[in-house]
Structure formats: C-alpha cells, structure tokens
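Below is one structure, written out as structure tokens; the observations come after it.
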Amino acid sequence: MPSRADAAAPPFALARPEVRALPLYAPDQTACAVDLSDNTNLWGAPPAALRVLRELAGATVARYPSLYGAPLQDAIRGYAALPDAGVVVGCGSDDVLDSAMRAFGAPGDAIAFSAPTFSMIPTFARINGLEPVAIPLTRDYDIDAERLVATGAKLLYLCTPNNPTATAASRAAIEYVVDNAAGIVILDEAYAEFAARTHADLVTRSERLLVTRTFSKAFGLAGLRVGYGVGSRALISLVERARGPYKVNIVAEHAATAVLRDGPGALAWVQSHAREARDIRERLVSALRALGLDPLPSDANFVFVPTARAAMLAERLRASGVLVRLHTKLPTDLPALAAAEGQGLRIGVGPWPMMQACLDGLAAALRAEGR
Ligand SMILES: *Cc1c(COP(=O)(O)O)cnc(C)c1O
Numbered sequence: 002m003p004s005r006a007d008a009a010a011p012p013f014a015l016a017r018p019e020v021r022a023l024p025l026y027a028p029d030q031t032a033c034a035v036d037l038s039d040n041t042n043l044w045g046a047p048p049a050a051l052r053v054l055r056e057l058a059g060a061t062v063a064r065y066p067s068l069y070g071a072p073l074q075d076a077i078r079g080y081a082a083l084p085d086a087g088v089v090v091g092c093g094s095d096d097v098l099d100s101a102m103r104a105f106g107a108p109g110d111a112i113a114f115s116a117p118t119f120s121m122i123p124t125f126a127r128i129n130g131l132e133p134v135a136i137p138l139t140r141d142y143d144i145d146a147e148r149l150v151a152t153g154a155k156l157l158y159l160c161t162p163n164n165p166t167a168t169a170a171s172r173a174a175i176e177y178v179v180d181n182a183a184g185i186v187i188l189d190e191a192y193a194e195f196a197a198r199t200h201a202d203l204v205t206r207s208e209r210l211l212v213t214r215t216f217s218k219a220f221g222l223a224g225l226r227v228g229y230g231v232g233s234r235a236l237i238s239l240v241e242r243a244r245g246p247y248k249v250n251i252v253a254e255h256a257a258t259a260v261l262r263d264g265p266g267a268l269a270w271v272q273s274h275a276r277e278a279r280d281i282r283e284r285l286v287s288a289l290r291a292l293g294l295d296p297l298p299s300d301a302n303f304v305f306v307p308t309a310r311a312a313m314l315a316e317r318l319r320a321s322g323v324l325v326r327l328h329t330k331l332p333t334d335l336p337a338l339a340a341a342e343g344q345g346l347r348i349g350v351g352p353w354p355m356m357q358a359c360l361d362g363l364a365a366a367l368r369a370e371g372r
C-alpha cells in the first residue's frame with residue numbers, strides 16, 4: 002500500500018525505474034514525398050486484404066476477435082510449410098518478441114544478441130527487466146555464434162536478414178547457436194521473403210527455438226499490426242500465456258488470413274513484389290556504388306550505407322523530399338562502421354522512381370559537398 006505521501010507523488014517518481022529510463026520511440030517522421038525510412042512495402046497492400054477492409058460487415062467489429070487467432074494460425078502453418086508447428090500471432094511481431102521475453106526471462110536474466118541489430122530488442126529487454134548483452138557481428142557480417150553461446154544467456158536473439166545492416170547470417174552459425182544454446186533462441190525473420198533462404202525449418206530440430214515473422218514488411222500490412230512466431234507447440238503455448246488473449250484485432254485477423262487463404266493469386270501479389278524488391282535492390286546497390294558509396298551486402302528490402310557523412314546526407318535528402326533512416330552511434334567493431342564513425346543510412350527499396358529520387362538527392366548532396 003503506498004503511503005499518502007507516495008500517492009501524492011508525481012507519476013514519474015512512482016514509475017518503475019526501467020520505464021522511467023526509456024525514451025519514447027521517436028524516429029524522424031518528417032512528411033516527405035518519398036518515405037524510404039521504415040522498410041514497409043512501398044508498393045502498397047495486397048488486394049485480398051484491401052477487399053476484406055471494404056467488405057467486412059459492421060456487426061463483426063461489435064464482437065471480440067478469436068482468442069488466439071486460430072484461423073490465422075492454421076493459414077500460417079500452411080504458408081510456412083510447418084504443418085505440426087505451434088504458431089503464436091500478435092499485435093505485430095514486436096508483441097511476439099516482447100511476450101517471449103516475458104515468458105522466459107525473469108528480471109535479471111540476460112538476453113544476448115548480435116550488434117548492431119533491431120533497436121527494439123534492448124528496449125523490450127529493459128522493459129522486461131532483462132540485461133541486454135551485445136555481441137558484435139563478425140567481420141564478414143555473420144553472427145558470432147560461439148561468443149553468443151558462451152554468454153550462457155537465458156535468451157539469445159538472432160536476426161537474419163539483420164536490421165539495420167541488411168546482411169544475412171550463415172546457416173552454419175545459426176545451427177551452431179540452435180544446437181548449443183543454454184536457453185531459448187529467438188530468430189527474427191522479419192525480412193524472410195526477401196532473403197535467399199529461410200531457417201524456419203529449424204523449429205523441427207529444437208524445441209527451444211522461436212522464429213518470428215511479420216505481416217508488416219513483404220505483406221504490406223504494417224498499419225494493421227500483425228506478426229507471428231513459429232516453434233514447438235510446448236514453447237508456443239508458453240509465449241501465448243505471456244501474450245494474453247485477443248491481441249490481434251478482428252479486422253487485422255481477417256485481412257491477414259485472406260492474403261494466405263484467398264487462392265494462389267492473393268499470395269502471388271506478395272511474392273511478385275518481393276521479387277521485384279530484390280531486383281531493384283541490386284540495381285540500387287550498383288547505382289549507390291557508382292556514386293562512390295559502399296552499401297553492405299543486402300538480403301532484405303533495404304540497403305545500409307555506412308558513411309561518416311550520414312547526417313549531412315539525410316538532412317539534404319529530407320530537404321529534397323526523400324526520407325531515409327539515419328543511424329548514428331552504432332557500435333564500431335565492424336571495420337566498415339569504424340570507418341564511418343558508427344554512422345550510416347538505411348534506405349528502403351521500392352518502385353524504381355522512388356529509388357531514382359533518392360539517388361538524385363544523394364548525387365546533389367555529394368556534389369554540393371564538393372567531392
Ligand atoms: C520491422 C521489424 C519487425 C516487425 O515489427 P512488427 O511489429 O511486426 O511491425 C521485427 N523485427 C525486425 C528486425 C524488424 O525490422
């Protein structure tokens with residue numbers, strides 16, 4: 002029971018220290034004609050999902066969605082070709098990652114991950130009272146499997162293709178972690194649809210592996226907030242307990258299910274745009290090189306350009322109507338990031354005219370700087 006004095010204290014003083022210490026997520030959201038800053042699907046949303054949004058009857062939203070999204074879970078099992086796996090869906094894969102940390106990490110436990118990686122990971126770790134332990138990527142942008150395992154952390158988080166570097170981890174390193182980890186392994190495949198291969202099949206090899214994916218990137222449904230995790234049924238049921246019921250709203254549930262269920266044409270939209278993104282990515286990489294920039298190898302729908310001039314370039318791009326994600330203060334263990342003083346630009350891949358606008362803006366910025 003708080004004393005009278007405590008109850009009168011401002012909310013800030015009453016908050017948990019972990020929460021007090023956290024800033025709100027506040028990326029640059031300046032309105033720009035061309036927004037390449039968040040890796041979403043720049044071609045839009047799948048027609049099958051848009052049809053659901055138009056046709057969903059008003060009466061539907063007066064009721065709760067399904068408890069844990071069973072129809073969507075079934076559709077995901079089919080899509081992932083893992084008929085016997087457990088599936089947990091969530092309000093974005095962020096929700097699944099957060100729930101998994103809550104399910105397995107007791108306050109004070111460690112979560113180790115390759116760095117740099119998805120910026121929400123240390124945030125969710127701290128909110129859940131976990132100790133984030135960053136292990137640098139290797140020089141060839143692989144995860145340092147032996148060092149990760151050697152931390153003995155209760156949870157290990159891997160991300161491939163990795164945000165923000167866009168680089169892919171090797172199968173051998175992932176297998177080493179899955180086979181040798183002391184606790185739970187989370188493998189984030191938010192960009193699986195753009196990668197040369199996926200590793201979700203490993204859930205049949207380890208009961209302690211959770212593979213997370215999302216409808217926010219290739220599936221073009223970021224605004225609806227749907228993500229999922231696949232793993233052994235034993236592991237998934239524990240993540241679901243931590244997640245709680247009714248987390249995917251009824252509109253999102255129907256729209257996401259339709260993309261996986263409405264015949265081959267619905268999914269074909271996703272797959273053909275993912276293919277297009279991969280083709281355009283290669284063209285973009287060549288064009289960036291022609292400008293004297295040096296993007297990291299990408300297996301995703303974005304490219305990462307390490308450069309010490311990142312802030313200047315982002316600023317000039319913004320002035321010319323193109324928004325990219327500026328990264329500063331990244332760890333400098335990787336030689337490319339050391340040379341760039343821990344800075345870089347993350348550029349989303351979309352229809353070519355958007356890429357051309359970005360390239361034109363970059364060329365003008367580099368010219369203005371007189372190099
Ligand atoms: C975008 C992204 C997510 C997905 O987030 P949602 O909550 O599903 O929108 C997860 N992991 C990584 C690495 C991402 O880049």
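Note that my numbering has the sequence shown beginning at 2, numbered continuously upward.
Think of the CB as a built atom: it goes at the ideal place given N, C-alpha and C, for glycine as much as any other residue.
query	result
Distance between E194 and N42 (C-alpha atoms, nearest Å)	12 Å
Validate contact between the region 252-269 and the region 76-91 using beta carbons, cut 8 Å, 3 pairs	yes
Cβ neighbours of C33 in the same chain (closer than 8 Å, five flanking residues each side left out)	R319, G322, V323, L324
Residue of H255, A154, I122, P117 minimising C-alpha distance to L98	I122
Per DSSP, cross-strand counterpart(s) of D36	L324
Contact test: S94 Cβ vs ligand 1 heavy atom, cutoff 6 Å	yes
Per-residue burial, A170 [other beta carbons within 10 Å of its own, 16 or more giving buried]	buried
Three-state class that DSSP yields for R226 in the structure shown	coil
Host beta strand (DSSP E) of I122 (start-end)	Per DSSP, I122 belongs to no beta strand (DSSP E); it is in the alpha helix (DSSP H), 121-128.
Closer than 6 Å: D189 CB and nearest ligand 1 heavy atom	yes
Pair within 7 Å by beta-carbon distance, P352 and A116	no
Bridge-paired residues (DSSP) for L157	A113, V186
Contact under 7 Å by Cβ, L297 with A201	no
E342 versus T308 - alpha carbon distance	8 Å
Residue range of the alpha helix (DSSP H) that includes A101	93-105
Heavy atom of ligand 1 within 6 Å of T215 beta-carbon	yes
F220 Cβ short of 6 Å to ligand 1 heavy atom set	no
G349 Cβ short of 6 Å to ligand 1 heavy atom set	no
Beta-carbon proximity check, G228 vs S94, cutoff 7 Å	yes
Any non-hydrogen atom of ligand 1 within 6 Å of F119 CB	yes
heavy atom of ligand 1 below 6 Å from N181 C-beta	no
Cβ-heavy atom distance, G230 to ligand 1, below 6 Å	no
Heavy atom of ligand 1 within 6 Å of N164 beta-carbon	yes
For A223 and W44, the rounded distance between their alpha carbons	12 Å
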